[in-house]
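What follows is a single structure, written as structure tokens, with notes after it.
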Amino acid sequence: MERDTIAAISTPIGEGAISIVRLSGPKAIAITNELFSKKDLEQVESHTIHYGKIIDPETGDIAEEVMVSVMRAPKTFTREDVVEINCHGGMVSVNRVLEIILSKNARLAEPGEFTKRAFLNGRIDLSQAEAVMDLIRAKTDKAMSVALKQMDGRLSGLIKRLRQELLETVAHVEVNIDYPEYDDVEEMSHQMMREKTQKVHDEIERLLQVAKQGKILREGLATAIIGRPNVGKSSLMNALVQENKAIVTEVAGTTRDIIEEYVNVRGVPLKLVDTAGIRETEDIVEKIGVERSRKVLKESDLILLVLNYNEELMEEDKKLFEAIQGLEYIVIVNKTDLPQKLDMDEVNHLAAGSPVITAALIKEAGIDELEAAIAQTFFAGEIDTGDVTYVSNVRHIQLLKQAKQALEDAMQGLEIAMPLDIVQIDVTRTWELLGEIIGDTASDSLIDQLFSQFCLGK
Ligand code: GDP
Ligand code: ZN
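If you count the sequence shown from 1, position 82 lands on 81 in numbering that gives the first Met the number 0, and the numbers rise without skipping.
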């Protein structure tokens, strides 16, 4: 059965000067050619770009000046013929081009349908497909390389290896049960089963441990700057933004359209709360009370609490300390260029081990120390993305947690000397859960659900 040809705008609305209409499917080139003013696109070489105009077939008017990329199957993202029409006008003209395309033999792509085709055509596996989605959303270079590694199949490779180990264990038990008379089949003792499950369990646990760092790299550290009015919150925000170039990421291919701005502090991407948010938190404790403000603050990965060196500690400062207990925070004592009125012993006591940085933001003093503290807090020094396989996808993390739990059930069964054929139900379940990560045992509905989360046009 021949697939239909799909089309969509693959540029986020309002971003960038260039907007792209992407087509994929057997008629992608023919449809574009019908509307194209210049060369015969059916004759051009694959992976070439051509300047021309899109003509409205109804009126014969020029709809848009365009650059058309022609990419023939199978060396394309979807493994189908792909055409990308680069329109340099705004949304109006790109919509017009899409409208004309759709009046021909193409239909509007569903969200994630391009990536879904790449998956269904065997171009990528499920975890790679999800990595594409992560890539689209990746915000820093480091996050990008994590996503790229996953797309390379590193995670898939690791998962496959773990599944193989579990499968061998299960097979071994099966053989013992089915052919107890075979002497040369080594008896799968409880001890051996314990060793195998423990090993896989530990590897999953390690994956989950680095997942937290992966999440931070991918999404940026949600950072809230709090403190009483006038202590220097805005000054701190400005200092961090000025010192560290905002991150601008632009990737070729599927993600060229994504431009995000974040602040990169020594490899730690900070997603600084916008000014409106900061203002809101200024008297957040006053407004909504300690308990509820804690809830709000809890959504932050990092809190920067600013105090004034030139004033005594106030009731409001103490309330803020109270509100952030147990969370990840750094105290910045600002305005050290002015005479001391703040009791530093009291501050250090309240900080209870969290870093306390002294600063005079007006003189740009203390920023280096703060940055070092931020990097230290989150990566205990250097970040090494070298040979760590990050799991950065929420669904993967969920499945890994379930797999870990299933293995723990198996291990508990072994502990109380349950028969191995019962224990292996949990082992098989682990094998299935891991399979869902790479799409091996994923049901059709799961696949549909997954791809529908993608942005339209990807
Ligand atoms: P916010 O209300 O907490 O956002 O505080 P701002 O950043 O707006 O700063 C309040 C005032 O304190 C401004 O007039 C700043 O210029 C001043 N200020 C900020 N940092 C320092 C500092 O290190 N020393 C002194 N003397 N003044 C500062
Ligand atoms: Zn402010």
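We put the CB at the ideal spot given by N, CA and C, even for glycine.
When the distance is taken between beta carbons, is residue j closer than 8 Å to residue i?
i, j, result
"Arg116", "Ser36", "no"
"Leu220", "Leu161", "no"
"Val96", "Val199", "no"
"Ile356", "Ala374", "no"
"Val262", "Leu312", "no"
"Leu337", "Tyr308", "yes"
"Leu271", "Leu360", "no"
"Ile99", "Ile53", "yes"
"Gly231", "Lys334", "yes"
"Val67", "Leu40", "yes"
"Val267", "Gln423", "no"
Which partner residues of residue i appear in the DSSP bridge assignment?
i, result
"Glu435", "For Glu435, which the question treats as bridged, DSSP gives no partner whatsoever."
"Val305", "Gly226, Ile331"
"Ile53", "Phe35, Glu63"
"Lys270", "Ala221"
"Arg106", "Ile5"
"Thr357", "Val332"
"Glu98", "Answer by DSSP bridge pairing: none, since Glu98 is not bridged."
"Asn85", "Ile19, Met66"
"Thr47", "Val69"
"Val264", "Val267"
"Ala364", "Ala359"
Figure out for me which residue from the options has the closest Cα to the Cα of residue i.
i, options, result
"Ile437", "Glu129, Lys334, Ile30", "Glu129"
"Ala29", "Phe320, Ala105, Glu345, Asn307", "Ala105"
"Pro205", "Ala27, Leu157, Ile123", "It should be noted that the sequence gives Arg, not Pro, for residue 205. The residue with the shortest Cα to Cα distance from Arg205 is Leu157."
"Thr429", "Ala405, Val240, Val20", "Ala405"
"Gln324", "Asp439, Ile61, Glu98, Leu296", "Leu296"
"Met70", "Tyr308, Thr31, Ile415", "Thr31"
"Thr77", "Ala6, Glu41, Ala238, Ala62", "Ala6"
"Leu419", "Leu239, Arg193, Glu310", "Arg193"
"Gln401", "Met417, Ile415, Asp425", "Asp425"
"Glu63", "Ser92, His46, Glu79", "Ser92"
"Ile329", "Arg227, Met417, Ala416, Thr222", "Thr222"
"Ser18", "Thr75, Asn94, Gln42, Asp60", "Asn94"
"Ser353", "Gln163, Thr376, Val172, Thr75", "Thr376"
"Glu310", "Lys340, Ile415, Ile123", "Lys340"
"Glu431", "Ala322, Ile415, Gln163", "Gln163"
"Asn460", "Gly59, Ile415, Lys317, Lys362", "One cannot answer for residue 460 here, as it falls past the ends of the chain, which runs 0 to 457."
"Met417", "Gln190, Gly59, Ile123", "Gln190"
Just how far apart, CA to CA, sit residue i and residue j?
i, j, result
"Ser332", "Asp342", "In the sequence as displayed, the identity of residue 332 is Val instead of Ser. For Val332 and Asp342, the distance between alpha carbons rounds to 11 Å."
"Leu399", "Glu44", "45 Å"
"Arg2", "Gly121", "15 Å"
"Leu319", "Ala351", "14 Å"
"Leu433", "Leu413", "21 Å"
"Ala108", "Thr4", "9 Å"
"Glu315", "Phe118", "55 Å"
"Cys86", "Leu125", "31 Å"
"Ile225", "Leu304", "5 Å"
"Leu301", "Lys403", "28 Å"
"Asp55", "Glu83", "18 Å"
"Met410", "Leu154", "25 Å"
"Ile246", "Ser299", "Since pLDDT at Ile246 reaches only 41, below the 50 mark, its modelled position is unreliable, and no value is offered."
"Asp439", "Leu207", "21 Å"
"Lys38", "Tyr50", "9 Å"
"Glu370", "Ala358", "12 Å"
"Pro73", "Asp80", "7 Å"
"Glu435", "Ile396", "12 Å"
"Leu306", "Leu349", "12 Å"
"Ile8", "Glu57", "22 Å"
"His46", "Lys26", "16 Å"
"Lys103", "Glu33", "9 Å"
"Glu112", "Ser233", "43 Å"
"Leu239", "Pro228", "19 Å"
"Leu101", "Arg394", "34 Å"
"Ile421", "Thr427", "10 Å"
"Glu202", "Glu407", "13 Å"
"Val264", "Ile415", "50 Å"
"Glu321", "Gln197", "41 Å"
"Ile61", "Thr75", "29 Å"
"Gly59", "Thr114", "34 Å"
"Lys317", "Ile123", "54 Å"
Between residue i and chain D, is the shortest Cβ-Cβ distance under 8 Å, so that the two count as touching?
i, result
"Lys198", "Chain labels in this structure do not include chain D; a single protein chain is all it has."
Handout entry: the stretch 365 to 376 in contact with the stretch 161 to 169 per 3-pair CB rule at 8 Å
Key = no
Problem - For the ligand HEM, residues whose Cβ lies under 6 Å from any non-hydrogen atom - result: The ligand HEM is absent from the structure shown, which contains only the ligand GDP and the ligand ZN.
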